[in-house]
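Student: Read top to bottom, the protein sequences are chains A and B. Mind the numbering: the first sequence is residues 1 to 84 in our numbering, read in order. Mind the numbering: the second sequence is residues 1001 to 1304 in our numbering, read in order. Glycine included, each C-beta is placed from N, C-alpha and C at the ideal position. Before I ask anything, here is the structure I am working with.
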Amino acid sequence: MEIATFEWVRDRFAEVLELDPAEISKNSRFADDLDADSIDLIEVVNSAEHSLGVTMAEEELYDLETVGQLVDAIDRHRAAATDS
Amino acid sequence: MTTVDGGDAALKAGQAGNFDNLNDVVAGSAFDRHLRFFNFGYQPLEGEPVAGPSLGPLFPNRDSAQLLFEVVGPTDLTGARVVEVGCGRGGNLWLLRRSFEVGSVVGVDIAFKSIVFCRESMPDADASFIHGDAERVPVGSGVADAVVSVETSCTYPDIEAFFRDVARILRVGGHFLYTDLMDHALRQPFIAVLEGLGLELIHERDITPNVNASRRSRAERQKLAFGDHTEGDAAAMSEFVGQSGSRLFEYLSGEERSYTILRFRKVTDVEPGPERVLTTAEQALVRQHAADAVDLLTIPSASS
């Protein structure tokens, strides 16, 4: 069964940031709400690339502000991979 | 009388080796493709204006990017041919291309593995990267609209030769956008050298508190990007990131040096003669600082 992207991202961020997954929603802002930085983001994205089979361009990451934006970006790649 | 002799080959080899080793440390890691900058970064203090385009909160190496924006300031780089001496892994030129409508960029660095990274990460027709010496920049005369130098000149044993090459490769009207940690005893002599080469100082600013703020808040986190290391490696990594307790951090906090932005505009061509502007004692101090930097940034296990 395919892994649900939001749940995967949420759980991975919870692990990296040592937070309760329940504290993380799609609307959570990385910097303001989660106190995450670029190193945390890169860790999660690198993990996503290995676990979810996506490859993300660096430029896609640099203006992300919320968990939901990252989930949407990963989903676009997963959909494209399915279509091809 | 002293003459330009091209500097100290052993120091330069050490410098190249240190940064080649750093490339090896991050090669293949999760952070490899994101690690474009090596500089100490800049954080605006409360109430200070912020130069350049706004960056997202998770922009990688955000403070390093901001340092470049502060160095560029109001300089118009539209369509400019920009040469960066000591380009490292290309972050500044990558950011200039991303943020301003520059015409083309040329990066020069003494560490071959940094040049390889730059070429692979920016395989574009308007971006060139050359393995070369900052004191003999392998670029033609009068070709640059701007020369950029960020936190690299303190490792040059013969900095006056570097300044001469900056003046040589700039066209009249071009800009030298320069920042580094400078010994107070050398800042005015450096300015005098550049003015003697036909450059006019248009901006001088001490940003030590801003760089210090960046190191205090970011160094420990950034060190994580270099992974796990032996005790000896960890010491060198602390220096690379300017972590609290490192010698380079102490320099930032001490009385003898300040992190300074200098912006110049070339107003005339000057053919330098054989005489040096820096005194023998000043040259010796420059060389000592370069030797110290090479020692501090040596990664024991990678170089053994």
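If you measure between the beta carbons of L1177(B) and A1146(B), is that distance less than 8 Å?
Tutor: yes
Student: Give me the Cα-Cα distance between T1002(B) and V1241(B), rounded to the nearest whole angstrom.
Tutor: Because the pLDDT at T1002(B) is just 41, under 50, the model does not fix this residue reliably, and the point stays unresolved.
Student: Residues of chain A with a CB under 8 Å from the CB of F1040(B): which are they?
Tutor: Against F1040(B), chain A offers no close residue; the least beta-carbon distance is about 16 Å (beta-carbon pairs closer than 8 Å).
Student: Roughly how many angstroms lie between the CA atoms of L941(B) and R1097(B), to the nearest whole one?
Tutor: Nothing about residue 941(B) can be read from this structure; chain B reaches only from 1001 to 1304.
Student: Since E65(A) meets chain B, which of its residues come closer than 8 Å, beta carbon to beta carbon?
Tutor: G1056, P1057 and L1058
Student: List the residues of chain D that A73(A) touches, going by C-beta distances under 7 Å, in chain order.
Tutor: Considering every chain present, this structure includes no chain D. Its protein chains are A and B.
Student: Between which residues of its own chain and L1252(B) is the CB-CB distance below 8 Å, once the five residues before and five after are set aside?
Tutor: Same-chain partners within the cutoff: F1040, L1181, T1208, V1211, N1212, R1215, G1242 and Y1259.
Student: Quick one: residues in its chain with C-beta nearer than 7 Å to the C-beta of E1220(B), no 5 flanking neighbours on either side, listed in chain order?
Tutor: Q1243
Student: Report the rounded CA-to-CA distance for L132(A) versus D20(A), giving the unit in angstroms.
Tutor: A query on residue 132(A) cannot be resolved here, the shown segment of chain A reaching from 1 to 84 and no further.
Student: Which same chain residues, not among the five before or five after A1111(B), have their C-beta less than 6 Å away from its C-beta?
Tutor: A1016, F1019 and D1020
Student: Going by other Cβ atoms of all chains shown within 10 Å of its Cβ, with 16 needed for buried, is W57(A) buried or exposed?
Tutor: Looking at the sequence shown, residue 57(A) is not Trp but Ala. That one is exposed.
Student: What are the partner residues of M1182(B), as DSSP defines its beta bridges?
Tutor: S1258(B)
Student: Excluding the 5 residues flanking R10(A) on each side, which residues of the same chain have their C-beta closer than 6 Å to its C-beta?
Tutor: P21 and I24
Student: In three-state DSSP terms, what is R1168(B)?
Tutor: helix
Student: In chain order, which alpha helix (DSSP H) runs of at least 4 residues are fully inside the segment 1197-1233 of chain B?
Tutor: 1208-1224
Student: Would you tell me roughly how many angstroms separate the C-alpha atoms of T1155(B) and P1049(B), rounded to the nearest one?
Tutor: 30 Å
Student: Using 8 Å as the cut-off, can you tell me whether the segment 1134-1144 of chain B makes contact with the segment 1152-1168 of chain B, which would need three or more C-beta pairs spanning the two stretches below that distance?
Tutor: yes
Student: Mind checking if S1304(B) is an interface residue toward chain A, Cβ cutoff 8 Å exclusive?
Tutor: In this predicted model, S1304(B) has a pLDDT of only 48, less than 50, meaning its place in the structure is not dependable enough to derive any value.
Student: So what's A1146(B) in DSSP terms, helix, strand or just coil?
Tutor: strand
Student: Could you please tell me which residues of the segment 1012-1030 of chain B, in chain order, have their CB closer than 8 Å to any CB of chain A?
Tutor: A1030
Student: What would DSSP say about G1130(B), mapped onto helix, strand or coil?
Tutor: For the sequence presented, residue 1130(B) should be read as Ile rather than Gly. Of the three classes helix, strand and coil, the one that applies to I1130(B) here is strand, per DSSP.
Student: In terms of DSSP beta bridges, what is F1176(B) paired with?
Tutor: V1147(B) and F1264(B)
Student: Using a C-beta to C-beta distance shorter than 7 Å, which residues of chain A count as neighbours of H1034(B)?
Tutor: Within 7 Å Cβ-Cβ: I42 and E58.
Student: Given a cut-off of 8 Å on the beta-carbon distance, is the pair V1150(B) and L1035(B) in contact?
Tutor: no
Student: Taking only beta-carbon positions, decide if T1298(B) is within less than 8 Å of chain A.
Tutor: At a cut-off of 8 Å, the C-beta of T1298(B) has no neighbouring C-beta in chain A.
Student: Are the beta-carbon atoms of H1184(B) and R1263(B) separated by less than 8 Å?
Tutor: no
Student: In the segment 23-40 of chain A, which residues sit with their C-beta less than 9 Å from some C-beta in chain B, listed in chain order?
Tutor: Listed by position along the chain: R29, F30, A31, D32, A36, D37, S38, I39 and D40.
Student: Nearest to G1173(B) by CA position, among T1268(B), A1065(B) and I1299(B), is which residue?
Tutor: T1268(B)
Student: Closer than 7 Å, Cβ to Cβ, to anything on chain A: give me those residues from the segment 1217-1228 of chain B, in chain order.
Tutor: R1221, L1224 and A1225
Student: Thinking C-alpha only, which one of A1225(B), A1235(B), L1093(B) and R1276(B) is nearest F1190(B)?
Tutor: R1276(B)
Student: Indicate whether P1053(B) and S1099(B) have their beta-carbon atoms separated by less than 8 Å.
Tutor: yes
Student: Does the beta carbon of R1062(B) sit closer than 8 Å to a beta carbon anywhere in chain A?
Tutor: yes
Student: Thinking C-beta only, is R1265(B) closer than 8 Å to L1199(B)?
Tutor: yes
Student: For the segment 1059-1074 of chain B against the segment 1082-1089 of chain B, are there 3 or more C-beta pairs whose distance is under 8 Å?
Tutor: no
Student: Taking only the alpha-carbon atoms, compute the straight-line gap between D1233(B) and D1024(B) and give it to the nearest angstrom.
Tutor: 13 Å
Student: Give the straight-line distance between the Cα atoms of D1126(B) and E1255(B), rounded to the nearest whole angstrom.
Tutor: 42 Å
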